[in-house]
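Engineer: Please read through the structure below; I'll follow up with questions.
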Amino acid sequence: MPRPPEIVVCADADALAQCAAEIFVGVARDAIAERGKFTVALSGGSTPEKLYKLLAAPPFANQVDWQNVFVFWGDERFVPHDDKNSNFGMAQNTLLVHVPLPPANVFAMPTPPLVSDVAEGAGRYVNTLAAFWETGDLATPPVFDLALMGLGDDGHTASLFPGNLSLDTRLNWVVGSQAGVLPPPVPRLTLTLPVFNAARHVLFLAAGARKADVVKDVLENHPTTAVRPAAGIVPANGKLTWLLDMEAAGKLSPETTQNEGNEK
Ligand code: 6PG
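Numbering (the working numbering), first residue to last: 44 to 307.
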């Protein structure tokens with residue numbers, strides 16, 4: 044039975060990144076203690092950059108047992124990994140090259156030139172997930188310890204965009220989509236709702252005044268997933284945390300924030 048989201052309002056984007064780093068380190072520590080490894084699906088865009096840079100340096104970098112961390116992506120732009128729009132490239136530059144994470148623990152989504160179309164890329168990543176989780180049953184999605192999620196102004200999350208057929212996918216773990224209108228206008232690969240909703244902990248990061256309207260809509264107005272895909276992130280058994288800065292939380296009612304979370 045899904046639990047109500049925890050909503051935490053942080054003073055600003057820096058405080059949000061700090062809080063996210065504390066959650067990341069805590070979930071990693073607990074996962075490794077309980078199961079010997081920590082699996083995380085990273086998000087892209089600009090918001091998580093501050094988090095990744097915090098994790099890449101002391102004190103947080105020293106608090107993670109990187110040898111037992113396994114990194115995946117929630118979505119990817121279908122561009123070469125050295126392209127400025129690559130989510131892998133952003134994480135590589137801000138975090139991965141700065142910590143003692145074995146390269147074998149990094150599972151990038153396949154993009155050009157490795158693959159030539161999103162269907163091939165999606166199929167390869169399904170195989171990657173199936174091999175890591177040692178399952179071939181598409182009805183039983185991989186269970187990430189942590190899924191980081193961003194929120195677009197239109198309510199998209201990962202690369203699940205409003206009205207996109209990938210939202211309806213129930214028996215696939217990774218889908219590709221053609222370029223939409225939102226920048227960057229490139230094809231995408233994305234994990235699907237069943238995978239995100241199987242995670243043990245889903246952590247949204249949203250900062251800035253331009254997110255205030257969509258944050259309010261998603262958290263207070265119960266929009267359909269087709270209209271606001273982020274509303275479709277409802278972990279079946281996992282914990283859902285929304286980390287917001289004051290600006291992004293600026294239009295939420297007191298009832299929404301006063302019970303669910305705390306000021307940070
Ligand atoms: C991507 C992201 C996307 C992002 C949101 C928010 O590949 O672009 O996965 O879902 O999280 O668009 O982006 P910002 O953090 O840049 O606002």
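Glycine residues also receive a C-beta, built at the ideal position from the N, C-alpha and C atoms.
1. Going by DSSP in three states, Ser86 sits in which element: helix, strand or coil?
2. Please report how far the alpha carbon of Val218 lies from the alpha carbon of Leu236, in whole angstroms.
3. Using only alpha-carbon positions, find the residue among Ala274, Gly281, Trp109 and Ala279 that is nearest to Gly198.
4. From what residue to what residue does the alpha helix (DSSP H) around Asp260 run?
5. Count Cβ pairs between the segment 239–246 and the segment 259–269 that sit closer than 8 Å; are there 3 or more?
6. Taking all protein chains shown into account, do 16 or more other C-beta atoms lie within 10 angstroms of the C-beta of Val158, making it buried, or fewer, making it exposed?
7. Using CA atoms only, rank isn't needed, just tell me which of Tyr168, Asn105, Pro91 and Phe103 is closest to Gln135.
8. What do you get for Leu208, buried or exposed, if any count of 16 or more other CB atoms within 10 angstroms of its CB means buried?
9. Where does Met133 fall in DSSP's three states?
10. Using the three-state DSSP reduction, which class does Ser159 fall into: helix, strand or coil?
11. Considering just the uninterrupted stretch of the alpha helix (DSSP H) at Lys96, what are its terminal residues?
12. If you count every other CB in all the chains shown that lies within 10 Å of the CB of Ser129, and 16 or more means buried, which is it?
13. Please classify Ile276: does DSSP put it in a helix, a strand, or coil?
14. For the segment 182–193 against the segment 108–118, do three or more pairs of beta-carbon atoms, one drawn from each stretch, fall closer than 8 Å, so that the two count as touching?
15. Within the chosen definition, does the segment 54–71 reach the segment 288–296 through at least 3 CB pairs nearer than 8 Å?
16. Gly88: beta carbon under 7 Å from a heavy atom of the ligand 6PG?
17. Using the C-alpha atoms, what's the distance from Thr200 back to Gly304?
18. Please return the same chain residues whose Cβ sits closer than 8 Å to the Cβ of Val122, not counting the five positions on each side in sequence.
19. Gln301 to Pro278, Cα distance in whole Å?
20. Can you look up Gly304 in the DSSP assignment and give me helix, strand or coil?
21. Taking 7 Å as the limit between beta carbons, can you name the residues of its chain near Asn148, skipping five residues before and five after?
22. Need the endpoints of the alpha helix (DSSP H) that Phe239 sits in, please.
23. Between which two residues does the alpha helix (DSSP H) harbouring Ala58 extend?
Structural biologist: This is what the structure holds:
1. coil
2. 10 Å
3. Ala274
4. Ala255 to Glu263
5. no
6. buried
7. Pro91
8. exposed
9. helix
10. coil
11. Pro91 to Leu98
12. buried
13. coil
14. yes
15. yes
16. yes
17. Because the pLDDT of Gly304 is 49, which lies under 50, any placement of that residue in the model is unreliable, and the question is left without a value.
18. Asn128, Ser129, Thr154, Pro155, Pro227 and Val229
19. 22 Å
20. Confidence at Gly304 is low in this model, with a pLDDT of 49, below 50, so the placement of that residue should be treated as unreliable; the coordinate-derived value is given next. Here Gly304 sits in coil by DSSP.
21. Val112, Phe113 and Val114
22. Leu236 to Phe239
23. Ala56 to Arg78
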